[in-house]
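Peer 1: These protein sequence lines map, in sequence, to chains G and X.
When the letters of the first sequence are read in order and numbered with my numbering, they come out as residues 7 to 474.
When the letters of the second sequence are read in order and numbered with my numbering, they come out as residues 7 to 474.
This is the structure I have questions about; it appears just below.
Protein chains: 2
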Amino acid sequence: MVDKLNHPHVGVMEAYFDMIVIIGAGLVGAVLAMHLAQAGFEVKLYEQRGDPREIEPQLDRSINITLCERGFRSLDLIGVGDLIRKLCIPIYGRVIHTVEGEAYQPYGNRNEAIYSIGRYDLNCILLDCAARHEKIDLCFNHKCLDIDMHTATLKIQNEITGQIHDIQASQIFGADGAYSTVRQKMQRLKRFNYSQTYLNGGYKELILPATEWGDWPLQNNAIHMWPQDNFMLLAFPNLDGTFTCTLHLPFEGQISHASITTYEDYYYLFANYFPDILSMIAPHLTRYVENPIETLITIKCFPWTFKDKIALIGDACHAIYPFYGQGSNAGFEDCQILLECLKADHGDWGAALPKYETRCKVNMDIIADLSAEHFEVLQKSIGDPTFRLRKKLERKLQLLHPDYASLYHNVSFTCMPYTEALRLEQKNGVLIEQLLAVEGIEDKLDSPEIDSYILSLLFDCVAERKPF
Amino acid sequence: MVDKLNHPHVGVMEAYFDMIVIIGAGLVGAVLAMHLAQAGFEVKLYEQRGDPREIEPQLDRSINITLCERGFRSLDLIGVGDLIRKLCIPIYGRVIHTVEGEAYQPYGNRNEAIYSIGRYDLNCILLDCAARHEKIDLCFNHKCLDIDMHTATLKIQNEITGQIHDIQASQIFGADGAYSTVRQKMQRLKRFNYSQTYLNGGYKELILPATEWGDWPLQNNAIHMWPQDNFMLLAFPNLDGTFTCTLHLPFEGQISHASITTYEDYYYLFANYFPDILSMIAPHLTRYVENPIETLITIKCFPWTFKDKIALIGDACHAIYPFYGQGSNAGFEDCQILLECLKADHGDWGAALPKYETRCKVNMDIIADLSAEHFEVLQKSIGDPTFRLRKKLERKLQLLHPDYASLYHNVSFTCMPYTEALRLEQKNGVLIEQLLAVEGIEDKLDSPEIDSYILSLLFDCVAERKPF
Numbered sequence: 007m008v009d010k011l012n013h014p015h016v017g018v019m020e021a022y023f024d025m026i027v028i029i030g031a032g033l034v035g036a037v038l039a040m041h042l043a044q045a046g047f048e049v050k051l052y053e054q055r056g057d058p059r060e061i062e063p064q065l066d067r068s069i070n071i072t073l074c075e076r077g078f079r080s081l082d083l084i085g086v087g088d089l090i091r092k093l094c095i096p097i098y099g100r101v102i103h104t105v106e107g108e109a110y111q112p113y114g115n116r117n118e119a120i121y122s123i124g125r126y127d128l129n130c131i132l133l134d135c136a137a138r139h140e141k142i143d144l145c146f147n148h149k150c151l152d153i154d155m156h157t158a159t160l161k162i163q164n165e166i167t168g169q170i171h172d173i174q175a176s177q178i179f180g181a182d183g184a185y186s187t188v189r190q191k192m193q194r195l196k197r198f199n200y201s202q203t204y205l206n207g208g209y210k211e212l213i214l215p216a217t218e219w220g221d222w223p224l225q226n227n228a229i230h231m232w233p234q235d236n237f238m239l240l241a242f243p244n245l246d247g248t249f250t251c252t253l254h255l256p257f258e259g260q261i262s263h264a265s266i267t268t269y270e271d272y273y274y275l276f277a278n279y280f281p282d283i284l285s286m287i288a289p290h291l292t293r294y295v296e297n298p299i300e301t302l303i304t305i306k307c308f309p310w311t312f313k314d315k316i317a318l319i320g321d322a323c324h325a326i327y328p329f330y331g332q333g334s335n336a337g338f339e340d341c342q343i344l345l346e347c348l349k350a351d352h353g354d355w356g357a358a359l360p361k362y363e364t365r366c367k368v369n370m371d372i373i374a375d376l377s378a379e380h381f382e383v384l385q386k387s388i389g390d391p392t393f394r395l396r397k398k399l400e401r402k403l404q405l406l407h408p409d410y411a412s413l414y415h416n417v418s419f420t421c422m423p424y425t426e427a428l429r430l431e432q433k434n435g436v437l438i439e440q441l442l443a444v445e446g447i448e449d450k451l452d453s454p455e456i457d458s459y460i461l462s463l464l465f466d467c468v469a470e471r472k473p474f
Numbered sequence: 007m008v009d010k011l012n013h014p015h016v017g018v019m020e021a022y023f024d025m026i027v028i029i030g031a032g033l034v035g036a037v038l039a040m041h042l043a044q045a046g047f048e049v050k051l052y053e054q055r056g057d058p059r060e061i062e063p064q065l066d067r068s069i070n071i072t073l074c075e076r077g078f079r080s081l082d083l084i085g086v087g088d089l090i091r092k093l094c095i096p097i098y099g100r101v102i103h104t105v106e107g108e109a110y111q112p113y114g115n116r117n118e119a120i121y122s123i124g125r126y127d128l129n130c131i132l133l134d135c136a137a138r139h140e141k142i143d144l145c146f147n148h149k150c151l152d153i154d155m156h157t158a159t160l161k162i163q164n165e166i167t168g169q170i171h172d173i174q175a176s177q178i179f180g181a182d183g184a185y186s187t188v189r190q191k192m193q194r195l196k197r198f199n200y201s202q203t204y205l206n207g208g209y210k211e212l213i214l215p216a217t218e219w220g221d222w223p224l225q226n227n228a229i230h231m232w233p234q235d236n237f238m239l240l241a242f243p244n245l246d247g248t249f250t251c252t253l254h255l256p257f258e259g260q261i262s263h264a265s266i267t268t269y270e271d272y273y274y275l276f277a278n279y280f281p282d283i284l285s286m287i288a289p290h291l292t293r294y295v296e297n298p299i300e301t302l303i304t305i306k307c308f309p310w311t312f313k314d315k316i317a318l319i320g321d322a323c324h325a326i327y328p329f330y331g332q333g334s335n336a337g338f339e340d341c342q343i344l345l346e347c348l349k350a351d352h353g354d355w356g357a358a359l360p361k362y363e364t365r366c367k368v369n370m371d372i373i374a375d376l377s378a379e380h381f382e383v384l385q386k387s388i389g390d391p392t393f394r395l396r397k398k399l400e401r402k403l404q405l406l407h408p409d410y411a412s413l414y415h416n417v418s419f420t421c422m423p424y425t426e427a428l429r430l431e432q433k434n435g436v437l438i439e440q441l442l443a444v445e446g447i448e449d450k451l452d453s454p455e456i457d458s459y460i461l462s463l464l465f466d467c468v469a470e471r472k473p474f
């Protein structure tokens, strides 16, 4: 039902009593729109920027997205999973580059993969899919100026015509990312807890082109990493044969964004620490000089919802560091959980929204902390012999018992809540410690003696009904 | 030097090249103005609200301020300490009310006191003092609309005339409290870390009048406390014979602001849990029904300063819960430390501001956490026998050795940094644990045997050059 009224200040007041407004047509906004439209709601999606499908993509400007099991479950529910799978590169493991050479670490034991795709490409395909829904109305170049939380009324400005409309929706979703306008509005409410924490370092990106034969310049189907204790280089394969090379440095210090600024600085940095990629990347290092330093932020807040009217979703309420590759997956999972809650409550938004926020919040706090820890792991531990031994032991346990799984496995290749994945990891940690305590374990890793010791440990777990 | 220029948009642009603007004429704003004026700076103090000295005070609306050593040190430096001491009530200890009766706990061993004063009275006297400085210009009803951080230019609106001025200052200080406009401006900078955390409970206040003879209705020179595990009542004496009675309840739950709302609810709450004050307070309980629920917030952020131009001070950068009585004291100490840093750097703001923020930040993080912990102590532990024994042991240690001091003592009766007070407490904790481990310690607390044991422990500390 649309009710157009004359309004003294803004010319037109549009009141929709059964229409949901989403602010932000990024990844999560588009996916949420499709989930809601599929459930029968009329959806208006307002995006401040122009339609990315009509604009040249900004190169060198975003870490690649990695999609995994929990992200795809949500995408499959709205029928776009397979389409997107085709546009991703499967990544089966990481290649660690150190001065001693390369070492490959598979992500899973059974050929499991995570799926890499550029943020821009993923956003365009999701918008294409959303635009095909007759219940979804995409409005680009529309800025949300203000929100009346109690009535779910928005003041929206068409940035092309300058015209301002008041729009009353049945519900408003803030899917407008880490710098969310909707959240800023909620932040002024009493009892709104909020924190934003910047990583004490930033990154710069450049695109390493495909070879002259159109091939990838490094092994594809893997993420390449050059850990250096307090800085690192990452390289993500793209479908077109290129790699996105992301250089993470602290802001200040001996080797930092403050000290490394000229072509020569970058050249000597690569010559000293990343020599195996130097000749390949040298012609492109000016891009590092020119490109901006990107920052990384963790955002935690609570509550995520206001009455039966307003809710935050995705990065707007839980921006996390990208190091566990879970940001988009968690945002897509939010959409699915929201709809599950709404269905369980038979469409009663007042009942469903608090369940949505409590179910997601506790899990997002955990993945936020895991993502921050994983940054340390990637930079510091990943090339370390004990860390590698630990990974080998995890794989061994997993081979000997099909139910045993690592934290990384449970986070990336299952849809179990992050709380559950962490709980299992805390229990599993004991097994790994018991194995690490075996004298000379590294040398007898493949001995029958160790196999039977592992089986006895696993059997004890079964006997005590502990999870693996 | 004042340079009035015509400005196309706002009519007048005032550029002051040697004048400091403070936003917020609350307690810290007024004290900072006096510190800066005394150092020779011209100061303009803009306050959005009207002059409190011309407005009726809002009754029942703020926890009493308790001033202590570190607050007075800053006030003495600007020559207003003694004036304010005369307007305070000295508080020598707390009276704990439980079903078993009353118990008095002195704050110090040597008659030390903290000093209680109403926020409104303190603000008025500080503004009176500031107004007498020829270098301080107080401007009430002036709202800060915007700040250009790079040029220290403010857009200020006179809320009476509606006129907007652009004002360029040499430095801008945000002394505008927990909901600081200046901080909101800084919050949009990249790499600004920020958190706001609300206490999961709120309070209501009422004023318990003086007796008909003008006397205090409860023992004055003490704070009265009725701890009840997850809620509590506090009563602070005022100079006019009244007491401010602050009722802290959780927001939700069996006994909470959600469940206690009518006169009858409050009556039965007091009858059940605070029976000794029931007859006195019963005639006034409607004020609890009418008065709003006040919330309590902890704010942490960093950085506090921007280049040589902008700085936050007081609650604007470190709002803390009031339970340790340190909020205003810490804010006044900020002013003193700022001036110390500036003098050490011979007036070089670019050098002094980073030193000011790093010196204060680490201490404020600690007192913020201590204040949150102290809420739990007040509600849960203060009536507890082990806690009381611990307090007795602390007093005993202090009596036997003049250098030993409790955390409360070091925070409230010295000016040592909070970091140092906490470090000493962590070491002292070991002594208390050793004493608590003595069998039957409670009964032989005053025996010569225990005295000599304590002295031997203290002697060991001296021998090992451990601090007490």
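C-beta atoms are modelled at their ideal positions from N, C-alpha and C, and glycine is treated no differently.
The structure presented is a predicted model; accordingly, all values stated were derived computationally and were not measured.
(1) In the DSSP output, which residue or residues are listed as bridge partners for residue 80/X?
(2) For residue 428/G, which residues of its own chain have a beta-carbon under 6 Å away from its beta-carbon, when the five flanking residues on both sides are left out?
(3) Let me know if residue 540/G comes out buried or exposed under the rule of 16 or more other beta-carbons within 10 Å of its beta-carbon.
(4) Any beta-carbon of chain G closer than 7 Å to the one on residue 367/X?
(5) Using a Cβ cut-off of 7 Å, which residues of the stretch 178 to 204 of chain G contact any Cβ in chain X, in chain order?
(6) Tell me the DSSP secondary structure of residue 209/X in three-state form.
(7) Residue 310/G by DSSP, collapsed to three states: which one?
(8) Interface residues of chain G around residue 301/X at Cβ under 9 Å?
(9) Checking the sheet assignment: what are the DSSP bridge partners for residue 102/X?
(10) Among the candidates 381/G, 311/G and 353/G, whose CA atom is the shortest distance from the CA of residue 158/G?
(11) Among 186/G, 241/G and 448/G, whose alpha-carbon lies nearest the alpha-carbon of residue 35/G?
(12) Can you tell me whether DSSP reads residue 264/X as helix, strand or coil?
(13) Any C-beta of chain G sitting closer than 7 Å to the C-beta of residue 8/X?
(14) If I'm right that residue 273/X touches residue 291/X with Cβ under 8 Å, what's the distance once you round it to whole angstroms?
(15) Give the DSSP-derived three-state secondary structure of residue 180/X in the structure shown.
(16) Counting Cβ pairs, one atom from each stretch, are 3 or more of them under 8 Å apart for the stretch 155 to 173 of chain G and the stretch 121 to 137 of chain G?
(17) Alpha carbon to alpha carbon, how far is residue 357/G from residue 365/G? Give it in angstroms, no decimals.
(18) With residue 72/X as the anchor, note down where its beta strand (DSSP E) starts and where it stops.
(19) By the three-class DSSP mapping on this structure, what secondary structure does residue 383/X have?
(20) With DSSP as the reference, label residue 432/X as helix, strand or coil.
(21) Would you call the stretch 45 to 60 of chain X in contact with the stretch 131 to 147 of chain X, where contact means no fewer than 3 C-beta pairs closer than 8 Å?
(22) Would you mind stating whether residue 216/X and residue 250/X have Cβ atoms separated by less than 7 Å?
(23) Which term fits residue 415/X, buried or exposed, when burial requires 16 or more other beta carbons within 10 angstroms of its beta carbon?
(24) Quick one: using the 10 Å Cβ neighbour count with 16 as the cut-off for buried, is residue 325/X buried or exposed?
(25) What separation, rounded to the nearest whole angstrom, lies between the Cα atoms of residue 267/X and residue 234/X?
(26) Taking the beta strand (DSSP E) that residue 143/G falls in, what are its first and last residues?
(27) Looking only at C-alpha atoms, which of 280/X, 145/X, 120/X and 343/X sits nearest to residue 417/X?
(28) Who are the Cβ neighbours of residue 69/X in its own chain at under 7 Å, not counting the five residues just before and after it?
(29) In this structure, how does DSSP classify residue 418/X when only helix, strand and coil are distinguished?
(30) Please state whether the Cβ-Cβ distance between residue 128/G and residue 319/G is less than 7 Å.
(31) In terms of alpha-carbon separation, which member of 237/G, 300/G, 336/G and 459/G lies closest to residue 383/G?
(32) For residue 204/X, which residues does DSSP report across the bridge?
(33) For residue 98/G, which option in 106/G, 86/G, 104/G and 113/G has the closest C-alpha, if you only look at C-alpha atoms?
(34) To which residues of the same chain is residue 115/G closer than 7 Å at the C-beta, ignoring the five residues directly before and after it?
(35) May I ask you to list the residues that DSSP assigns as paired with residue 238/G?
(36) Answer yes or no: do residue 330/X and residue 377/X have a C-beta to C-beta separation smaller than 7 Å?
Peer 2: Per the coordinate set shown:
(1) DSSP lists no beta-bridge partner residue for residue 80/X.
(2) 372
(3) Within the shown structure, residues of chain G are numbered from 7 to 474, placing residue 540/G beyond reach of any answer.
(4) No, no contact with chain G.
(5) From the stretch 178 to 204 of chain G, only 196, 197, 199, 200, 201, 202, 203 and 204 have a Cβ closer than 7 Å to chain X.
(6) strand
(7) It is coil, neither helix nor strand.
(8) 196 and 197
(9) 109/X and 231/X
(10) Ranked by how close their Cα comes to the Cα of residue 158/G, the residues 381/G, 311/G and 353/G have 311/G in first place.
(11) 186/G
(12) coil
(13) Confidence at residue 8/X is low in this model, with a pLDDT of 37, below 50, so its placement is unreliable and the value that follows should be read with caution. No - not a single Cβ of chain G is within 7 Å of the one on residue 8/X.
(14) 6 Å
(15) strand
(16) no
(17) Distance between the alpha carbons of residue 365/G and residue 357/G is about 13 Å.
(18) 71 to 73
(19) helix
(20) helix
(21) The stretch 45 to 60 of chain X makes contact with the stretch 131 to 147 of chain X: 3 or more CB pairs, one atom from each, lie closer than 8 Å.
(22) With contacts defined as CB atoms closer than 7 Å, residue 216/X and residue 250/X fail to qualify as a contacting pair.
(23) buried
(24) So residue 325/X ends up on the buried side.
(25) Residue 267/X and residue 234/X have their C-alpha atoms spaced approximately 19 Å apart.
(26) 142 to 145
(27) 120/X
(28) Here the set comprises 252 and 328.
(29) helix
(30) no
(31) Cα-wise, what sits closest to residue 383/G is 237/G.
(32) 303/X
(33) With distances taken between Cα atoms, residue 98/G lies closest to 113/G.
(34) 401, 404 and 405
(35) 233/G and 254/G
(36) Contact flag set, yes.
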